[in-house]
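Novice: Would you mind keeping the following structure in view while I ask a few things?
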Amino acid sequence: MECMEAEGNELRGMMQLLPTKDESLALRSYLPPPDAPAQEIDESIAKLGECEQYMAVMLDVPDVKDKFQAMLFRAEYETHADSIREGTETLNQACDAVKNSERFRKLLLYALKLGNALNTGGSNEGVSAITLDSLLKLAEAKAFDKQTSALHYLVSIVQKNDEDVLNLSEDFVPVKAAERVAMDMLASQLKEMQSGVRVVKDVVRRNLPADTPCDESSSEEEILNSTSMGKFSISATSKIQSLADEFDEAKVNFSNLLQFFGEDHTMSPEAFFCTINTFVSMFENTHKELKRKEEAKERRKRIEEKRKTREEEKKKTAAKVSKPKLRAAV
Numbered sequence: 095m096e097c098m099e100a101e102g103n104e105l106r107g108m109m110q111l112l113p114t115k116d117e118s119l120a121l122r123s124y125l126p127p128p129d130a131p132a133q134e135i136d137e138s139i140a141k142l143g144e145c146e147q148y149m150a151v152m153l154d155v156p157d158v159k160d161k162f163q164a165m166l167f168r169a170e171y172e173t174h175a176d177s178i179r180e181g182t183e184t185l186n187q188a189c190d191a192v193k194n195s196e197r198f199r200k201l202l203l204y205a206l207k208l209g210n211a212l213n214t215g216g217s218n219e220g221v222s223a224i225t226l227d228s229l230l231k232l233a234e235a236k237a238f239d240k241q242t243s244a245l246h247y248l249v250s251i252v253q254k255n256d257e258d259v260l261n262l263s264e265d266f267v268p269v270k271a272a273e274r275v276a277m278d279m280l281a282s283q284l285k286e287m288q289s290g291v292r293v294v295k296d297v298v299r300r301n302l303p304a305d306t307p308c309d310e311s312s313s314e315e316e317i318l319n320s321t322s323m324g325k326f327s328i329s330a331t332s333k334i335q336s337l338a339d340e341f342d343e344a345k346v347n348f349s350n351l352l353q354f355f356g357e358d359h360t361m362s363p364e365a366f367f368c369t370i371n372t373f374v375s376m377f378e379n380t381h382k383e384l385k386r387k388e389e390a391k392e393r394r395k396r397i398e399e400k401r402k403t404r405e406e407e408k409k410k411t412a413a414k415v416s417k418p419k420l421r422a423a424v
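For what it's worth, this note's numbering labels the leading residue of the sequence shown as 95, then goes sequentially.
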């Protein structure tokens with residue numbers, strides 16, 4: 095079976111127009127029998143509407159649905175392969191970004207020390223690790239003024255000790271995209287591609303051209319190499335295996351990352367990276383908030399200093415004006 099050139103949407107539309115069982119029975123009852131003269135059959139088909147003519151032509155095409163499935167798979171193969179490849183690359187890059195970020199490691203250490211100080215009153219007792227979920231709760235823990243949170247304290251500590259950590263988001267560019275990658279969806283897409291290429295191979299084997307040099311004794315590779323669609327299936331099989339290997343690597347990397355941070359092994363990449371992105375966003379917003387407050391405080395200070403300067407100048411001017419002048423002796 096040679097592949098006709100068609101877009102995926104076009105092929106789907108053609109598949110939807112394939113006759114159902116009832117439509118096939120109705121058409122066969124209307125059309126002359128298959129052994130009737132070709133001209134008689136053609137004349138009967140010509141009297142039908144355009145859609146029914148298409149159905150009538152498709153009636154006697156062997157494996158018609160599987161053939162369409164094979165052509166659809168080939169038409170959409172690159173799109174699906176790119177989707178899986180991009181997803182696995184994003185996960186791998188995000189895992190590396192989180193695990194290798196020195197800024198994030200320092201920030202977690204500051205957060206751990208702050209948490210222990212708040213919970214134990216500064217004693218040497220305390221936990222030795224911090225969960226990602228607990229990072230989000232830093233914004234909830236408020237001081238006596240009900241406005242300053244533990245996250246405010248954390249940002250202040252970082253500002254005083256290591257301002258470079260404030261640039262954490264520079265390390266996490268790949269992490270933002272990773273929260274939109276569903277590993278289950280990638281696994282499902284990969285399984286569909288593996289199933290799709292098997293359908294292609296089955297269709298090729300069942301529909302070998304009459305003049306093909308292959309026979310029952312030929313190897314599968316010889317059979318598949320005898321047609322364009324078969325050659326495609328060989329190439330696709332190899333590439334799909336590479337995608338599967340890349341996907342397995344991404345799963346291992348993410349599993350190791352969960353273990354590295356002491357998180358539950360059932361945690362999904364979406365939940366993990368979403369938690370990190372949410373915390374980084376909260377951290378950045380809190381830093382901006384404190385920066386605005388500091389700038390506003392500085393402005394008020396400058397305004398107050400200018401006001402005091404003006405007051406002092408007014409007093410000096412008033413003193414000069416009110417000072418009595420000595421009269422010359424007569």
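Here a beta-carbon is modelled for each residue, glycine too, at the ideal position from N, C-alpha and C.
#1: Given a cut-off of 8 angstroms, decide if Leu318 and Lys295 are closer than it, judged by their beta-carbon atoms.
#2: Can you tell me which of the three DSSP states Asn218 falls into?
#3: Any idea what DSSP makes of Lys385, helix, strand or coil?
#4: Residues in its own chain within less than 8 angstroms of Phe354 by CB, not counting five upstream and five downstream?
#5: To the nearest angstrom, how far is it from the Cα of Asp154 to the Cα of Ser327?
#6: For the 8 angstroms Cβ check, are there 3 or more pairs between the stretch 340 to 353 and the stretch 240 to 257?
#7: Roughly how many whole angstroms lie between the Cα atoms of Ser177 and Pro128?
#8: Rounded to whole angstroms, how far is the Cβ of Thr182 from the Cβ of Phe341, which I believe are closer than 8 angstroms?
#9: Short of 6 angstroms in beta carbon distance, which residues of its chain neighbour Arg109, apart from the five on each side in sequence? Order them along the chain.
#10: Please go through the same chain and pick out, in chain order, the residues whose beta-carbon is closer than 7 angstroms to the beta-carbon of Leu280, but skip the five residues on each side of it.
#11: So for Lys391, helix, strand or coil by DSSP?
#12: Taking Ile139 and Gln147 to be in contact with their CB atoms under 8 angstroms, please state how far apart those CB atoms are, rounded to whole angstroms.
#13: Determine the direct distance from the alpha carbon of Lys141 to that of Ala132, and round the result to whole angstroms.
#14: Just to confirm before moving on: does the CB-CB distance between Asn371 and Lys231 stay below 8 angstroms?
#15: On the DSSP bridge assignment, give the partners of Lys236 in chain order.
#16: Sort Glu364, Phe373, Val297 and Gln288 by Cα distance to Thr331 and report the nearest one.
#17: Roughly how many whole angstroms lie between the Cα atoms of Asn103 and Asp305?
#18: What do you reckon, are the CB atoms on Ala272 and Ala188 nearer than 8 angstroms?
#19: Measuring straight from C-alpha to C-alpha, what distance separates Thr225 and Asn347?
#20: If distances are taken between C-alpha atoms only, which option among Glu378, Gln283 and Glu364 comes closest to Ala338?
#21: Taking all protein chains shown into account, decide if Asn218 is buried (16 or more other Cβ within 10 angstroms of its Cβ) or exposed.
#22: Under 8 angstroms, do Asp160 and Val291 count as touching if we go by C-beta distance?
#23: For Leu121 and Val151, I'd like the C-alpha separation in whole angstroms.
#24: Looking at C-alpha atoms only, which residue of Glu398, Leu201, Leu208 and Phe366 is the closest neighbour of Ala235?
#25: For Leu112, which residues from the same chain have a beta carbon less than 8 angstroms from its beta carbon, with the 5 sequence-adjacent residues on both sides left out?
#26: Give every residue of the same chain whose Cβ lies closer than 7 angstroms to the Cβ of Glu101, excluding the five residues on either side of it in the sequence, and list them in chain order.
Specialist: Reading it off the structure:
#1: Taking the sequence shown and counting its residues from 1, one reaches residue 295 at position 201. Taking the sequence shown and counting its residues from 1, one reaches residue 318 at position 224. Contact: yes.
#2: On the sequence shown, position 124 is the one that residue 218 refers to. The pLDDT assigned to Asn218 is 49, lower than 50, so where the model puts this residue is not dependable, and the model offers no usable value.
#3: Position 291 of the sequence shown holds residue 385. Note: Lys385 maps to helix in three-state DSSP.
#4: Taking the sequence shown and counting its residues from 1, one reaches residue 354 at position 260. Excluding residues within five positions, the ones whose Cβ falls inside 8 angstroms are Lys193.
#5: To locate residue 154, count along the sequence shown from 1; it is residue 60. To locate residue 327, count along the sequence shown from 1; it is residue 233. Each residue's alpha carbon lies about 25 angstroms from the other.
#6: no
#7: By 1-based counting over the sequence shown, the position of residue 177 is 83. By 1-based counting over the sequence shown, the position of residue 128 is 34. Near 45 angstroms, if we compare the C-alpha coordinates of Pro128 and Ser177.
#8: On the sequence shown, position 88 is the one that residue 182 refers to. On the sequence shown, position 247 is the one that residue 341 refers to. About 5 angstroms separates the two Cβ atoms, so the contact holds.
#9: Within the sequence shown, numbered from 1, the residue matching residue 109 stands at position 15. Checking the sequence, you will find Met at residue 109 rather than Arg. Excluding residues within five positions, the ones whose Cβ falls inside 6 angstroms are Phe162.
#10: Residue numbering aside, residue 280 sits at position 186 when the sequence shown is read from its first letter. Here the set comprises Ile178, Gly181, Thr182 and Phe341.
#11: For this step, residue 391 is matched to residue 297 along the sequence shown. Lys391: helix per DSSP, three-state reduction.
#12: Here residue 139 refers to the residue found at position 45 when the sequence shown is read from its first residue. Here residue 147 refers to the residue found at position 53 when the sequence shown is read from its first residue. At roughly 5 angstroms, the Cβ-Cβ gap stays under 8 angstroms, so Ile139 and Gln147 are in contact.
#13: For the purposes of this step, residue 132 is taken as residue 38 along the sequence shown, with counting starting at 1. For the purposes of this step, residue 141 is taken as residue 47 along the sequence shown, with counting starting at 1. Between Ala132 and Lys141, the C-alpha separation is close to 15 angstroms.
#14: Start at 1 with the first residue of the sequence shown, and residue 371 comes out as number 277. Start at 1 with the first residue of the sequence shown, and residue 231 comes out as number 137. In this structure, Lys231 does not lie closer than 8 angstroms to Asn371 by Cβ.
#15: On the sequence shown, position 142 is the one that residue 236 refers to. Per DSSP, Ser243.
#16: Along the sequence shown, read from residue 1 onward, the residue named residue 331 stands at position 237. The shortest C-alpha separation from Thr331 is found at Gln288.
#17: The count along the sequence shown starts at 1 and reaches residue 103 at position 9. The count along the sequence shown starts at 1 and reaches residue 305 at position 211. For Asn103 and Asp305, the distance between alpha carbons rounds to 32 angstroms.
#18: Numbered from 1 along the sequence shown, position 178 holds the residue referred to as residue 272. Numbered from 1 along the sequence shown, position 94 holds the residue referred to as residue 188. The answer is yes: Cβ separation under 8 angstroms.
#19: For this step, residue 225 is matched to residue 131 along the sequence shown. For this step, residue 347 is matched to residue 253 along the sequence shown. Between Thr225 and Asn347, the C-alpha separation is close to 19 angstroms.
#20: Position 244 of the sequence shown, counted from the first residue, corresponds to residue 338. If we check each option's Cα against that of Ala338, Gln283 comes out closest.
#21: Within the sequence shown, numbered from 1, the residue matching residue 218 stands at position 124. Note that Asn218 scores 49 on pLDDT, short of 50, meaning its location in the model is unreliable; the coordinates nonetheless yield the value given after this. So Asn218 ends up on the exposed side.
#22: Counted from its first residue, the sequence shown places residue 160 at position 66. Counted from its first residue, the sequence shown places residue 291 at position 197. For Asp160 and Val291, no; Cβs fall outside 8 angstroms.
#23: Against the sequence shown, residue 121 aligns to sequence position 27. Against the sequence shown, residue 151 aligns to sequence position 57. Approximately 10 angstroms, taken between the alpha carbons.
#24: Along the sequence shown, one-based indexing puts residue 235 at 141. Minimum Cα distance to Ala235 is reached at Leu208.
#25: Looking up residue 112 in the sequence shown gives position 18. Closer than 8 angstroms at Cβ, skipping near neighbours: Met149, Met152, Val158, Lys159 and Phe162.
#26: Along the sequence shown, read from residue 1 onward, the residue named residue 101 stands at position 7. Ala169.
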